[in-house]
Structure formats: C-alpha cells, structure tokens
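S.K.: Take this structure, written in structure tokens, and hold onto it; I'll ask about it next.
In the UniProt record's numbering, the protein residues as written are 1 to 302.
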C-alpha cells in the first residue's frame with residue numbers, strides 16, 4: 001500500500017484493520033506529527049514499513065507491537081530521542097533505517113531484541129557520543145552506518161559482540177582519537193571507513209585482530225604520522241586510502257606484512273621520500289598513487 005506524499009496529517013487507531021495480508025506500507029513524506037498507539041495493530045503480515053520524511057517528534061510505547069514479521073523499517077524524522085525498548089517486539093527485523101532523525105542520544109537498551117538485525121543506519125544524526133553497550137545483542141549485524149553523526153569519541157567496548165559485522169562506516173565525524181582495542185572482536189570486518197575525521201594520529205595496534213579487513217579508508221583525517229606497526233596483522237588488506245592527509249614521512253616498515261595489498265593511495269600528502277623497502281612485502285600491488293606530494297628521492301627497488 002503506497003501512501004507516499006499524500007499530505008496525511010493524522011491517523012486513527014485501527015485505520016488499517018482488515019489488512020492482515022498487507023506486506024508493504026509506505027507512509028513516507030507525509031505530515032504526520034504523531035502516531036496513536038495501536039495504529040498498526042492487525043498488520044501481522046507486514047514486512048516493510050516506511051515512515052521517513054514525516055514530522056514525528058516521538059513514538060508511543062508499543063507502537064510497533066504485533067509486527068513480529070516486519071523485516072524493514074525506515075524512520076527518518078525529527079525524533080531527537082527513542083524510548084528504550086521501542087523495537088523490542090520486532091524480532092524479525094533485518095534492517096533499520098534511522099538516518100536524519102535528529103537523534104541526540106541513544107538509550108543503552110534501545111536495540112534490545114533485534115538479534116536478527118543485519119543492517120543499521122544512523123547517518124546524519126547529532127549523537128556526539130555512544131553508550132558503551134548500545135549495540136550489544138546485535139550478533140547478526142553485518143553493516144553499521146554512522147556517517148555524519150558528529151561523533152567526537154568512541155568508548156572501547158562500543159562494538160563488542162558484533163563478531164558478524166562486515167562493514168563499519170564512521171566517516172564524516174569529529175573523531176580526534178581512537179582508543180586501542182576499540183575494534184577488537186570484529187574479526188569478520190571487511191570494510192572500515194574512517195575518512196573525514198580529525199584523528200591526526202593512530203595508536204599502534206588499533207587495527208590488530210582485523211585479519212579479514214579488505215578495505216581501510218583514512219583519507220582526509222588530518223594524519224601527520226603513522227606508527228610503524230599500525231597496520232600489522234592486516235594480511236588480507238587490499239585497499240588502503242591515506243590521501244589528503246599531512247604525512248611528511250613513512251616509517252621503513254609501515255606497510256610490512258600487507259602481502260595482499262593491491263591499491264594504495266597516498267596522494268595529497270607532504271611526503272618527500274618513500275623508504276626503499278616500503279612495498280617489499282606487497283607483491284600484489286596494482287596501483288600506488290603518489291601524486292601531489294613533495295617527493296625528492298627515487299628508489300629503483302620500487
């Protein structure tokens with residue numbers, strides 16, 4: 001049932017009664033400011049619900065009760081906060097879209113009960129920080145989008161328990177540092193996006209344990225230096241992007257052990273020289289981008 005952009009301003013309880021077989025309901029881009037409790041009662045067969053683009057400022061407790069078969073939920077609104085347990089009955093939910101909802105905080109148990117959740121998007125909120133256990137219990141989560149959420153820091157255990165996570169997107173925030181161990185336990189991670197932050201430096205070993213990582217994106221992060229062992233253990237890494245930083249030099253063994261590396265982007269830094277053995281372990285290299293640096297030396301071993 002597509003009711004997208006129909007100028008709807010309110011709904012009454014039971015408005016969808018008798019539609020037990022309904023699988024998809026789009027209420028996006030309307031003018032809803034509130035939802036009555038029980039408005040979706042009777043929609044046991046509903047799989048997809050779109051409420052994005054309305055003017056909802058709050059959600060009543062139990063608004064999604066009875067929707068145990070729901071697989072996808074899109075909630076982009078002006079909510080600012082979510083009641084704890086609001087999603088607790090959505091045991092079948094696979095993806096949850098909370099982009100641009102103006103959330104300023106997340107209660108610690110807000111995602112409890114979502115063991116089957118595979119994708120969670122929090123893009124474009126104003127969170128600034130995250131509670132340590134906010135994602136606990138999301139053992140099936142495969143991708144987590146936290147782009148442009150104004151995060152300034154990450155607690156060490158914030159991603160603990162997300163062993164199935166494959167994509168973690170933290171770009172476009174205001175992170176100034178990464179605590180050592182913040183990514184521990186993410187053994188299944190394939191892609192880590194950290195571009196457009198304010199890191200300036202990285203602790204040695206911050207990526208240890210990410211043996212399955214294939215793509216690491218650190219462009220536009222204001223990095224001025226790299227510790228020698230910062231990429232140790234990333235033998236499966238194929239894509240490493242370090243462009244548009246302020247690197248002036250590279251430690252001799254900074255890329256040692258990156259035997260699977262295929263693409264390395266070092267454009268737009270302030271490098272004057274590349275160590276002679278910098279790429280000695282990377283026999284699979286296809287492209288190395290070094291444009292717009294200040295290189296004054298050349299090694300034949302490259």
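Where is the CB? At the ideal position from N, CA and C, for every residue including glycine.
Only a predicted model underlies this, so the values are computations on that prediction, with no experimental measurement involved.
#1: Contact between the stretch 281-293 and the stretch 264-271 is defined here as three or more beta-carbon pairs at a separation below 8 Å; is this criterion met?
#2: Chain C beta carbons: is any one of them nearer than 9 Å to that of residue 47?
#3: Quick one: Cα of residue 256 to Cα of residue 219, how far?
#4: To the nearest angstrom, how far is the alpha carbon of residue 57 from that of residue 203?
#5: Just to confirm, are residue 31 and residue 69 a CB contact at a threshold of 9 Å?
#6: Return the first residue and the last residue of the beta strand (DSSP E) that residue 169 is part of.
#7: Return the bridge partner residues of residue 50 from the DSSP annotation.
#8: Reducing DSSP to helix, strand and coil, say where residue 86 ends up.
#9: By Cβ distance below 7 Å, which residues in the same chain neighbour residue 118 in space, the five residues on each side in sequence not counted?
#10: Report the option in 26, 15, 232, 236 whose CA atom is closest to the CA atom of residue 4.
#11: According to DSSP, simplified to helix, strand and coil, what is residue 132?
#12: Can you give the Cα-Cα distance for residue 238 and residue 263, rounded to whole angstroms?
#13: Determine, using beta carbons only, whether residue 84 and residue 60 come nearer to each other than 9 Å.
#14: Going straight from the alpha carbon of residue 223 to that of residue 246, what length do you get?
M.R.: The short version:
#1: yes
#2: Among the chains in the structure shown there is no chain C, since it carries only a single protein chain.
#3: Mapped onto the chain shown, residue 256 falls at position 256. Mapped onto the chain shown, residue 219 falls at position 219. Cα to Cα, residue 256 sits roughly 20 Å from residue 219.
#4: The sequence position of residue 57 within the chain shown is 57, counting from 1. The sequence position of residue 203 within the chain shown is 203, counting from 1. Spanning the two alpha carbons is a distance of roughly 40 Å.
#5: By 1-based counting over the chain shown, the position of residue 31 is 31. By 1-based counting over the chain shown, the position of residue 69 is 69. Going by C-beta atoms, residue 31 is not nearer than 9 Å to residue 69.
#6: The residue labelled residue 169 in the question sits at position 169 within the chain shown. That run of the beta strand (DSSP E) goes 167-169.
#7: Numbered from 1 along the chain shown, position 50 holds the residue referred to as residue 50. Residue 50 pairs with 26, 74.
#8: Residue numbering aside, residue 86 sits at position 86 when the chain shown is read from its first letter. Of the three classes helix, strand and coil, the one that applies to residue 86 here is coil, per DSSP.
#9: In the chain shown, counting from the first residue as 1, residue 118 sits at position 118. Only 94, 95, 140, 141, 142 meet the Cβ criterion.
#10: Against the chain shown, residue 4 aligns to sequence position 4. Comparing Cα-Cα distances from residue 4 to each of 26, 15, 232, 236, the minimum goes to 26.
#11: As a working mapping, residue 132 is identified with position 132 in the chain shown. DSSP places residue 132 in coil when its eight states are reduced to three.
#12: Translated into the one-based positions of the chain shown, residue 238 becomes position 238. Translated into the one-based positions of the chain shown, residue 263 becomes position 263. For residue 238 and residue 263, the distance between alpha carbons rounds to 6 Å.
#13: Counted from its first residue, the chain shown places residue 84 at position 84. Counted from its first residue, the chain shown places residue 60 at position 60. Not a contact, by the Cβ cut-off of 9 Å.
#14: The sequence position of residue 223 within the chain shown is 223, counting from 1. The sequence position of residue 246 within the chain shown is 246, counting from 1. Taking the straight line joining both Cα atoms gives about 6 Å.
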